[in-house]
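Structure record follows, encoded as structure tokens.
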Amino acid sequence: MLKTNSVYFFDATEFEYIIEHYLNIGKHSLAKKAVKLGLEQHPTSIQLKLMQVELLVFDGDLPEAIKLLTDIEAVEPHNDEVFIQKATILSKKKQHKEAIEVLKASLEFIESPEDVWSMLGMEYLYLDDYENARLNFAKCIEVDFEDYSSLYNIVYCFDMEEKNEDAIKFLNAYLDKNPYCEVAWHQLGRQYFELGMFEEALRAFDFAVIIDDSFIGGYLEKAKTLEELKNYQEAIDNYLITLELDDPTAFAYIRIGECYQKLDNIATAMHFYKKAVHEDPLLDRGWMMLTNACYLSNNYPKALYYINKAIQIDETNALYWRRYGDINLKLNFYEEAVKAFNRCISLGDKEIEIYVALADILLFLGDFSEALTVLIRAKKIYREFAEIEYRLCGLFMILDKEEYSLTHLKNGLAIDFDYHFIVKELYPSVYDNQRVQELISAAKDMVN
Numbered sequence: 001m002l003k004t005n006s007v008y009f010f011d012a013t014e015f016e017y018i019i020e021h022y023l024n025i026g027k028h029s030l031a032k033k034a035v036k037l038g039l040e041q042h043p044t045s046i047q048l049k050l051m052q053v054e055l056l057v058f059d060g061d062l063p064e065a066i067k068l069l070t071d072i073e074a075v076e077p078h079n080d081e082v083f084i085q086k087a088t089i090l091s092k093k094k095q096h097k098e099a100i101e102v103l104k105a106s107l108e109f110i111e112s113p114e115d116v117w118s119m120l121g122m123e124y125l126y127l128d129d130y131e132n133a134r135l136n137f138a139k140c141i142e143v144d145f146e147d148y149s150s151l152y153n154i155v156y157c158f159d160m161e162e163k164n165e166d167a168i169k170f171l172n173a174y175l176d177k178n179p180y181c182e183v184a185w186h187q188l189g190r191q192y193f194e195l196g197m198f199e200e201a202l203r204a205f206d207f208a209v210i211i212d213d214s215f216i217g218g219y220l221e222k223a224k225t226l227e228e229l230k231n232y233q234e235a236i237d238n239y240l241i242t243l244e245l246d247d248p249t250a251f252a253y254i255r256i257g258e259c260y261q262k263l264d265n266i267a268t269a270m271h272f273y274k275k276a277v278h279e280d281p282l283l284d285r286g287w288m289m290l291t292n293a294c295y296l297s298n299n300y301p302k303a304l305y306y307i308n309k310a311i312q313i314d315e316t317n318a319l320y321w322r323r324y325g326d327i328n329l330k331l332n333f334y335e336e337a338v339k340a341f342n343r344c345i346s347l348g349d350k351e352i353e354i355y356v357a358l359a360d361i362l363l364f365l366g367d368f369s370e371a372l373t374v375l376i377r378a379k380k381i382y383r384e385f386a387e388i389e390y391r392l393c394g395l396f397m398i399l400d401k402e403e404y405s406l407t408h409l410k411n412g413l414a415i416d417f418d419y420h421f422i423v424k425e426l427y428p429s430v431y432d433n434q435r436v437q438e439l440i441s442a443a444k445d446m447v448n
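Just so we're aligned, residue 1 is where the sequence shown starts under this note's numbering, counting upward by one.
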């Protein structure tokens with residue numbers, strides 16, 4: 001009819017099948033044409049009108065959908081599809097409580113309520129009412145044990161409520177009735193994993209992949225669990241299985257690389273990290289893992305090349321800038337190291353190690369005032385830290401502020417006497433100062 005513009009008569013039920021077919025394969029424009037033709041031949045068909053409502057809702061034309069639905073409701077107020085579409089429209093308008101009331105009212109008239117329970121579960125999820133959501137999804141499971149969508153949603157509710165132990169009880173009860181469900185074994189393993197019960201998790205994942213030996217999710221979780229149990233070679237074997245079952249992923253390559261790195265096989269680890277960044281060049285974590293492997297191998301020029309790749313992808317990651325700073329220090333590129341550690345601080349990484357490293361580099365470069373400024377900023381955060389006090393002692397002495405210097409020396413000696421060696425190491429001329437030596441000797445006598 002569409003191709004020739006000819007008009008043939010179809011029964012209303014046949015139009016419903018045609019429309020449903022187009023809806024199922026996502027061809028909504030053809031579904032609309034079928035609805036239009038169907039209503040021209042069967043203008044009083046409630047079912048075709050309901051399908052038109054469904055298409056209007058999909059297109060976001062809610063006022064027109066509401067108008068048409070009101071007309072249908074006047075004719076068939078207890079039609080189950082009327083309730084479903086009313087609830088769908090209310091949900092689209094974010095009126096979830098009202099949608100729940102409509103769905104509850106529909107249960108009185110619907111013979112097979114599974115779809116309504118599922119919709120109720122979703123509406124409660126929108127309201128973050130995880131308990132009621134879970135109870136409705138559980139009703140779906142009671143009717144159909146293979147309703148895996150509801151099963152996933154039940155476990156999700158337990159996760160959001162942080163009720164891992166309750167989830168384990170539920171899943172074990174489910175498996176007593178349906179023991180060959182790989183999805184349930186997989187979810188059970190995840191719950192055990194969250195609780196750090198890795199042996200139990202491993203056993204659950206084993207069952208999942210025994211039941212379905214092509215279950216990629218089961219192999220991935222099993223491999224992660226084996227990593228936690230420090231069984232790295234077997235973890236590698238399971239990651240490799242996932243590469244055989246489906247197209248390789250950068251995630252799997254990275255995990256394999258990490259396992260080899262933990263086995264001190266850096267060369268093979270780097271081989272898999274390179275595969276990961278080849279698979280996904282924008283995966284900054286892959287470049288970071290290559291950086292770390294080169295850093296551990298003392299190959300700092302190569303490490304610098306890789307960390308630059310990671311920073312180009314994510315220049316707001318403070319950990320990347322910290323590693324960039326460490327590598328530049330190893331290569332004696334001090335100005336770049338200063339830039340890196342300043343960037344770390346601006347990005348919110350205010351660990352004491354950052355301030356201390358930055359101050360020490362500035363000291364080496366002879367920028368004493370800037371080094372002092374950095375340490376004063378650090379002292380506002382870390383009030384009683386010997387690492388800061390001794391360095392302030394040295395810098396104030398260099399800047400001819402001896403009384404300030406000695407005050408900070410006293411603070412440092414009181415906090416950690418043994419760490420005073422840092423003054424001799426960083427500020428040898430300050431260490432030789434007579435008053436400094438007197439204070440150190442006095443403190444030593446008190447410690448002894």
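For every residue, glycine included, the Cβ atom is placed at its ideal position computed from N, Cα and C.
Taking each of K262, E162, D159, G217 in turn and checking the Cα distance to W185, the smallest one comes out for G217. With respect to the 8 Å criterion, H408 and I440 are not classified as neighbours on the basis of their beta carbons. The stretch 279–360 is shown to contain whole alpha helix (DSSP H) runs of 4 or more residues at 284–296, 300–313, 318–330, 334–346, in chain order.
For K163, there is no enclosing alpha helix (DSSP H), as DSSP gives it neither H nor E. For T249, the secondary structure class from DSSP, reduced to helix, strand or coil, is coil.
The C-alpha of N298 lies about 15 Å from the C-alpha of Q261.
Between the alpha carbons of E199 and Y126 lies a gap of roughly 35 Å. Cβ-Cβ separation between Y324 and I313: approximately 13 Å, too far for a contact (criterion under 8 Å).
For the pair F417 and A378, the CB atoms are not nearer than the 8 Å cut-off. The beta carbons of R391 and L375 sit about 6 Å from each other, so the pair counts as a contact at 8 Å.
Non-local beta-carbon contacts of C294 in its own chain, meaning distances under 7 Å to residues more than five positions away in sequence, involve K302, A303, Y306 in chain order. Under the three-state reduction of DSSP output, I100 falls in the helix class. Spanning the alpha carbons of K27 and V116 requires a straight line of approximately 25 Å. Looking from the CA of V143, the closest CA among A167, V423, N178, M122 belongs to N178. Within a 10 Å sphere around the beta-carbon of D326 sit 16 or more other beta-carbons, which makes this residue buried. Counting along the chain, the unbroken alpha helix (DSSP H) around N411 starts and ends at 402–415. For E228, the CB contacts under 6 Å within the same chain, skipping 5 residues up- and downstream, are F198 in chain order. About 7 Å separates the beta carbon of A208 from that of G189, a gap short enough to meet the 8 Å contact definition.
Exclusion of the five residues before and after A337 leaves G325, N328, L329, I361 as the residues of its chain whose Cβ lies within less than 7 Å of its Cβ. Residue state for Q434 is assigned as helix, using DSSP reduced to three classes. The C-beta of I381 has fewer than 16 other C-beta atoms within 10 Å across all chains shown, which makes the residue exposed. Here Q434 is exposed. Its C-beta has fewer than 16 other C-beta atoms within 10 Å. Between Y253 and K275, the C-beta spacing is below 8 Å. Its Cα nearest to that of I210, the residue C181 stands out among G394, A235, C181, L226. Beta-carbon to beta-carbon, E384 and I415 are separated by about 6 Å, close enough to satisfy the 8 Å threshold. The C-beta of H42 has 16 or more other C-beta atoms within 10 Å across all chains shown, which makes the residue buried. Sixteen is the threshold: since fewer than 16 other Cβ atoms of the shown chains lie within 10 Å of the Cβ of D246, the residue is exposed.
Here DSSP, grouped into helix, strand and coil, assigns C181 to coil. A check of alpha carbon separations from S91 across F109, F58, K169 identifies F58 as the nearest. By the Cβ-count criterion, T316 is exposed, with fewer than 16 other Cβ atoms from all chains shown falling within 10 Å of its own Cβ.
For R383, the secondary structure class from DSSP, reduced to helix, strand or coil, is coil. Between S106 and K139, the alpha-carbon positions lie close to 16 Å from each other. With a beta-carbon spacing of about 16 Å, F368 and A357 fall beyond the 8 Å limit used to define contacts. Restricting attention to F333, K350, Y300, the CA atom closest to the CA of L319 is found in K350.
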